[in-house]
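Protein chains in written order, with my numbering: chain A, 1 to 271; chain B, 272 to 542; chain C, 543 to 813; chain D, 814 to 1084. Below is one structure, written out as structure tokens; comments come after it.
4 protein chains.
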Amino acid sequence: MNFRTDLALEKNETSKRTVREKDGCKVTRIEEDGGVYITLEVGSISDHIDPDDTLLELFTEELASLVPKEGLVLAAGLGNRAVTPDALGPLAAERVLATRHIKGEIAKVTGLEGLRPVSVVSPGVLGCTGMEAFEVLRAIVNETQPAAVIAVDALAARNPARLGCTVQLSSVGISPGAGVGNSRPRIDASTLGVPVISIGIPTVVDASTFAQDLAGDGVPEEKAAPRGAQMMVTPREIDLIIDRGSRLLAMGINRALNPSLSVEEFAQLAG
Amino acid sequence: MNFRTDLALEKNETSKRTVREKDGCKVTRIEEDGGVYITLEVGSISDHIDPDDTLLELFTEELASLVPKEGLVLAAGLGNRAVTPDALGPLAAERVLATRHIKGEIAKVTGLEGLRPVSVVSPGVLGCTGMEAFEVLRAIVNETQPAAVIAVDALAARNPARLGCTVQLSSVGISPGAGVGNSRPRIDASTLGVPVISIGIPTVVDASTFAQDLAGDGVPEEKAAPRGAQMMVTPREIDLIIDRGSRLLAMGINRALNPSLSVEEFAQLAG
Amino acid sequence: MNFRTDLALEKNETSKRTVREKDGCKVTRIEEDGGVYITLEVGSISDHIDPDDTLLELFTEELASLVPKEGLVLAAGLGNRAVTPDALGPLAAERVLATRHIKGEIAKVTGLEGLRPVSVVSPGVLGCTGMEAFEVLRAIVNETQPAAVIAVDALAARNPARLGCTVQLSSVGISPGAGVGNSRPRIDASTLGVPVISIGIPTVVDASTFAQDLAGDGVPEEKAAPRGAQMMVTPREIDLIIDRGSRLLAMGINRALNPSLSVEEFAQLAG
Amino acid sequence: MNFRTDLALEKNETSKRTVREKDGCKVTRIEEDGGVYITLEVGSISDHIDPDDTLLELFTEELASLVPKEGLVLAAGLGNRAVTPDALGPLAAERVLATRHIKGEIAKVTGLEGLRPVSVVSPGVLGCTGMEAFEVLRAIVNETQPAAVIAVDALAARNPARLGCTVQLSSVGISPGAGVGNSRPRIDASTLGVPVISIGIPTVVDASTFAQDLAGDGVPEEKAAPRGAQMMVTPREIDLIIDRGSRLLAMGINRALNPSLSVEEFAQLAG
Chain A
1 MNFRTDLALE KNETSKRTVR EKDGCKVTRI EEDGGVYITL EVGSISDHID
51 PDDTLLELFT EELASLVPKE GLVLAAGLGN RAVTPDALGP LAAERVLATR
101 HIKGEIAKVT GLEGLRPVSV VSPGVLGCTG MEAFEVLRAI VNETQPAAVI
151 AVDALAARNP ARLGCTVQLS SVGISPGAGV GNSRPRIDAS TLGVPVISIG
201 IPTVVDASTF AQDLAGDGVP EEKAAPRGAQ MMVTPREIDL IIDRGSRLLA
251 MGINRALNPS LSVEEFAQLA G
Chain B
272 MNFRTDLALE KNETSKRTVR EKDGCKVTRI EEDGGVYITL EVGSISDHID
322 PDDTLLELFT EELASLVPKE GLVLAAGLGN RAVTPDALGP LAAERVLATR
372 HIKGEIAKVT GLEGLRPVSV VSPGVLGCTG MEAFEVLRAI VNETQPAAVI
422 AVDALAARNP ARLGCTVQLS SVGISPGAGV GNSRPRIDAS TLGVPVISIG
472 IPTVVDASTF AQDLAGDGVP EEKAAPRGAQ MMVTPREIDL IIDRGSRLLA
522 MGINRALNPS LSVEEFAQLA G
Chain C
543 MNFRTDLALE KNETSKRTVR EKDGCKVTRI EEDGGVYITL EVGSISDHID
593 PDDTLLELFT EELASLVPKE GLVLAAGLGN RAVTPDALGP LAAERVLATR
643 HIKGEIAKVT GLEGLRPVSV VSPGVLGCTG MEAFEVLRAI VNETQPAAVI
693 AVDALAARNP ARLGCTVQLS SVGISPGAGV GNSRPRIDAS TLGVPVISIG
743 IPTVVDASTF AQDLAGDGVP EEKAAPRGAQ MMVTPREIDL IIDRGSRLLA
793 MGINRALNPS LSVEEFAQLA G
Chain D
814 MNFRTDLALE KNETSKRTVR EKDGCKVTRI EEDGGVYITL EVGSISDHID
864 PDDTLLELFT EELASLVPKE GLVLAAGLGN RAVTPDALGP LAAERVLATR
914 HIKGEIAKVT GLEGLRPVSV VSPGVLGCTG MEAFEVLRAI VNETQPAAVI
964 AVDALAARNP ARLGCTVQLS SVGISPGAGV GNSRPRIDAS TLGVPVISIG
1014 IPTVVDASTF AQDLAGDGVP EEKAAPRGAQ MMVTPREIDL IIDRGSRLLA
1064 MGINRALNPS LSVEEFAQLA G
């Protein structure tokens, strides 16, 4: 039986794990095959009140631990903006503050001197652009030579209880679409030539996986994917999860890369 | 066992039915309790090519048969615009051409004389407005005295195979939310005082219903609704289904009420 | 010469005025014909950093002074959501927390007991609904009997320097469209039967008014309104002004009506 | 005096021009400095009824005359999606059908064999991405080696009467932002290494240019750009112009590159 999931937590029961609890959040660190996966388990992002930015600061700290200390970082929002549960990456990208161009006179006038350079892109999806996301990213990496890429993507889980309740970070990039059975070429150091840190939040369960989990292997494919149409299980609050989740991830990227600016300043500058 | 659905087709196996086939579309007419339900079964609205407007004309004809021949009609787009699979009604309402105000000099100047009066409203949902949809509609019915209301709403099905593949019309109004276990007061002649024709397309299956259907009554509620969070099964193409479905329903309303204008003229006038 | 404007500040040079300065904001109070107009002049809402909510609290205070102390309040977002500079009202309405339905068991369970009842509506515009905004509002006022209406609308100014830099409150309602030469029936106590407090931010200057102001009466109409097409002067940052302005006005309404909830709680509850 | 405009029609009164009339549309061809500019003057795109696709076919034909007959074409939607009058390019890009990836088995199964390869990108703007549009495009051109780029952009005019009423094509690329005084590096054969055909529709007049045109050089900068905030003159119907204009340009690109597919087939395939 093959349960689809993008979550390391749900995959490798035998991997090396360390778990700690901080500020009401369960933080799991999984190491395998030379990579690190960090998972933050929280209450639903659509309901959660984070007035003191506890979750944000925890996420920022974990992200900062995975990113090289210096040099240009390219933030990439993966996924399809026109498909609600897949829009997490593109919407997060809109909220990351690009700073690569803020230098010299402009930096002085705006009071934004000494920022770490950040660039931002949403490479789109093959069906809309005719290009694999890794092709677009490789092109931009070759042109602009960042020290690392941070790739944001909506993830698939096996267990609906995790939807909107988990943030996953990884040091080894991502296979977009793997969790919903539409796997695209990996986006990682092997395809881009620079380290790729991936971050994401699970927003869907593949309906076939959900069906198998409930009723076993005997479920006819037609039940969960009639006429080959892919079905997904999502929370009714998916639009809110995408909105709040993309804000959380974008702000974490902002704060991890340019800690000299406050949450309020980023909110002001990045729209 | 209580399977949630808004589709008469899925409810009443014993009701009086007549079925006919027209232009590749199965049309089922169900009569019960003094009401009529008409269902058009088609290929998925997200894939379907309707270049000759075959489906549109069939839908228009069935709708015209349910609507009083004269007088002001209020088109009401039910549901929550901010929740993707629930936005069918509000988006359809945006595309219905309001004509109630086109009279006298304006009608002459624009060449739009002799149109049947149509007004349009999206009453919103209780959580956003603090008012039940039927309260808002009753208020507007009292103020403007239409001969009938056409209510557009996204529906829930029991069978995922019907999502985006069925159009349902009814002569007896609607209970918003009934198919997903969040039933609101009925919108019908008893609450509004005028005939209510309802039209809709199924866009979700309640995940609890999906789970029960697959695995029987024994499924723990926690599996399909973790922490009480409502989960839905939707096609991956849900945004496209909402976009195309709302256009189809709106154009059908336009053509049923003002057949003197062509599809192209409505596209031009109603944006 | 007839300069179009919705701003009392720009209209009545001879009216009774009192001006005070508070927290870097110039507050002008104009009384005439039994009505009160309050204007807050600030830096541009698109640039302004309000991290301590200074402007918000000032606006909240002035708004609270105009609203009856008790009873249901209907918040109405006027204007056309599909026309960017006119979308201020509808977007603000989306962010006002409706509370009229939060009572009894629901209030207990959610910890939201004792809130003042608020309902919310966006009545749309004549061209889209076939109904004047005042008709829709009168219908809902008759049905739900609020103690007052707060009407939010985008305003027109005469001077481009005021766009996005002024918040106007009034105790005597509003004539939608007056500032751009498309005047609709007034929305005030005379049409609705209850007090109407109006609030707004100027987002456009009518291009004919701008042209007259620059070049005098001799400007041919064709220059500023070619082929009768209405032209507007707006800041390039208009989308950002609408986004931030609608948030400011909505939060002010929330805080003025239910001061027991904090800004963070409203942000959490009202999406 | 320096009037800002992106329209060749408004710039070079002395250039070599040929004018013809076809299907109620004035077509002007301007040659200078080795480049060709073609302008179609029509009624406003927001009002115009084009039921027989007359304008579309005329535009398609002119575009086809400028594009190389063979090889991959990269369609690039320039501008800022979050600024209404600047969103023409990104919205057009969403509606261009990407075909570069449709080959082999997929092409057979979908019946889409033998299509010309097309790829699509929206490179964003410097303030949002930290990268000049030409950098992003150069990167993708280097990676994917197209035979040509078609760049779509919103244009600035000097005369408000042209807004939404003109389509301009050029064989020599574009300087984004030139018409509103925010000139970015050129996007043309010199920066990308392949031919760049640019197409666009004027959507704004810079308010300073409008003011100068009305009142001469003596207009204080403060009048048209208070506190340095850039002001624009746009039609009230700008959202509709952007919607319909982006559809027109996208469909023209589709039809010029893959004439074997009909308008209806593209509408179906490209969403």
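No residue lacks a Cβ here, since even glycine has one placed at the ideal position from N, Cα and C. What you are looking at is a predicted structure, and each value in this text was computed from that prediction instead of being measured.
Selected residue, minimal CA-CA separation from A698 (chain C), among C:Q687, C:N724, C:I692, C:P593: Comparing Cα positions, the closest option is C:N724.
- prompt: Identify the residues that DSSP records as bridge partners of T39 (chain A): which are they?
  reply: Beta-bridge pairing links T39 (chain A) to A:T28, A:Q168.
task: For I851 (chain D), I'd like the list of residues in its chain whose CB is within less than 6 angstroms of its CB, leaving aside the five on either flank, ordered along the chain.
output: Closer than 6 angstroms at the Cβ level, and outside the excluded window around I851 (chain D), lie R842, E875, L982.
- prompt: With a CB to CB cut of under 6 angstroms and the five nearest residues on each side skipped, what residues in its chain are close to R429 (chain B)?
  reply: Sequence-distant partners of R429 (chain B) (beyond 5 residues in either direction) whose C-beta falls short of 6 angstroms from its own C-beta, in its chain, are F274, T276, E281, T480.
Partner residues on chain C for S446 (chain B), Cβ-Cβ distance less than 8 angstroms: Correct list: empty, because the minimum Cβ distance to chain C is about 18 angstroms.
query: To the nearest angstrom, how far is it from the Cα of A771 (chain C) to the Cα of D1056 (chain D)?
result: So the two alpha carbons sit approximately 17 angstroms from each other.
message: Taking the alpha carbon of S198 (chain A) as the reference point, which residue from A:T129, A:G71, A:A250, A:G114 has its own alpha carbon closest?
response: Closest option to S198 (chain A), judged by alpha-carbon separation, among A:T129, A:G71, A:A250, A:G114: A:A250.
- prompt: If you measure beta-carbon to beta-carbon, which residues of the region 923-943 of chain D are closer than 9 angstroms to chain B?
  reply: The residues in question: there are none.
- prompt: Who pairs with P1048 (chain D) in a beta bridge, going by DSSP?
  reply: Within the DSSP bridge table, the entry for P1048 (chain D) names C:M773 as partners.
- prompt: Which bits of chain B does I682 (chain C) rub up against, with CB to CB less than 7 angstroms?
  reply: Those are V407, A410, listed as they occur along chain B.
query: S46 (chain A) by DSSP, collapsed to three states: which one?
result: Coil at S46 (chain A), not helix or strand.
- request: Determine which residues of the region 679-713 of chain C have a Cβ less than 7 angstroms from any Cβ of chain G, and write them out in chain order.
  value: This model lacks chain G altogether, as its protein chains are A, B, C and D.
message: At the level of alpha carbons, what is the spacing between L871 (chain D) and N529 (chain B)?
response: The straight-line gap from Cα to Cα measures roughly 32 angstroms.
- prompt: Which residues mark the beginning and the end of the alpha helix (DSSP H) in which V922 (chain D) is found?
  reply: Element bounds for V922 (chain D): 917-923.
- prompt: Is the region 171-178 of chain A touching the region 45-52 of chain A in the sense that three or more CB pairs, one from each, lie closer than 8 angstroms?
  reply: The region 45-52 of chain A, when compared against the region 171-178 of chain A, does not touch it at the 8 angstroms Cβ threshold.
message: On a Cα-Cα basis, can you pick out the residue from A:V109, A:V125, A:L115 that is closest to L78 (chain A)?
response: In this structure, A:V125 is the residue among A:V109, A:V125, A:L115 with its C-alpha nearest to the C-alpha of L78 (chain A).
query: Listed in chain order, which residues of the region 741-772 of chain C have Cβ atoms closer than 9 angstroms to some Cβ of chain D?
result: Answer set for the region 741-772 of chain C: V746, V747, A749, F752, A753, D755, L756, A757, G758, V761, E764, K765, A766, A767, P768, R769, A771, Q772.
task: Rounded to whole angstroms, what's the CA-CA distance from L608 (chain C) to S713 (chain C)? Just pull it up for me.
output: So the alpha carbons of these two residues sit roughly 6 angstroms apart.
- request: Report the residues of the region 326-358 of chain B with a CB closer than 7 angstroms to any CB of chain A, ordered along the chain.
  value: For the region 326-358 of chain B, the residues whose beta carbon sits under 7 angstroms from a beta carbon of chain A are, in order, A353, V354, T355.
- prompt: Looking only at its own chain, which residues have a Cβ that is under 6 angstroms from the Cβ of K26 (chain A), when we skip the five neighbours before and after it?
  reply: Only E41 meet the Cβ criterion.
query: Going along chain D, which residues have a C-beta under 9 angstroms from V775 (chain C)?
result: Neighbours of V775 (chain C) on chain D, chain order: A1020, F1023, A1037, M1044, M1045, V1046, T1047.
task: Flag this pair as yes or no: are the beta carbons of H643 (chain C) and G360 (chain B) separated by less than 7 angstroms?
output: Not closer than 7 angstroms, so no.
query: Helix, strand or coil: how does DSSP classify L869 (chain D) here?
result: The answer is helix: DSSP assigns L869 (chain D) an H, G or I state.
task: Please list, in chain order, all residues of the same chain as A809 (chain C) whose beta carbon is under 7 angstroms from its beta carbon, the five residues on each side excluded.
output: There are no such residues.
message: 7 angstroms is my cut-off, CB to CB: does Q321 (chain B) come that close to chain A?
response: According to the sequence as given, residue 321 (chain B) is Asp; it is not Gln. So no, D321 (chain B) is outside the interface.
- prompt: DSSP puts A256 (chain A) in a beta bridge; with which residues?
  reply: A256 (chain A) pairs with nothing; no bridge assigned.
field: Simplified DSSP assignment, three categories, for K611 (chain C)
entry: It is coil, neither helix nor strand.
task: List the DSSP bridge partners of A211 (chain A).
output: Residue pairing by DSSP leaves A211 (chain A) without any beta bridge partner.
- prompt: Between which two residues does the alpha helix (DSSP H) harbouring G940 (chain D) extend?
  reply: Unbroken alpha helix (DSSP H) run through G940 (chain D): 939-942.
Cutoff 7 angstroms: D548 (chain C) Cβ touching any chain D Cβ: The beta carbon of D548 (chain C) does not come within 7 angstroms of any beta carbon belonging to chain D, so the residue lies off that interface.
message: By the three-class DSSP mapping on this structure, what secondary structure does P973 (chain D) have?
response: P973 (chain D) falls in the helix class under three-state DSSP.
Buried or exposed by the 16-neighbour rule on C-beta atoms within 10 Å, applied to T626 (chain C): Around the beta carbon of T626 (chain C), 16 or more other beta carbons lie within 10 angstroms, which makes this residue buried.
- request: Check the Cβ of T289 (chain B) against every Cβ in chain C and list those closer than 8 angstroms, keeping chain order.
  value: Neighbourhood of T289 (chain B) in chain C, by CB distance below 8 angstroms: empty, with the nearest CB roughly 36 angstroms away.
field: Proximal residues of chain A, C-beta to C-beta of D510 (chain B) below 8 angstroms
entry: What D510 (chain B) touches in chain A, judged by beta-carbon distance under 8 angstroms, is A82, V83, T84, going in chain order.
message: I want to see whether chain D comes within less than 7 angstroms of R100 (chain A), judged by CB atoms only; does it?
response: Chain D contact via Cβ: present.
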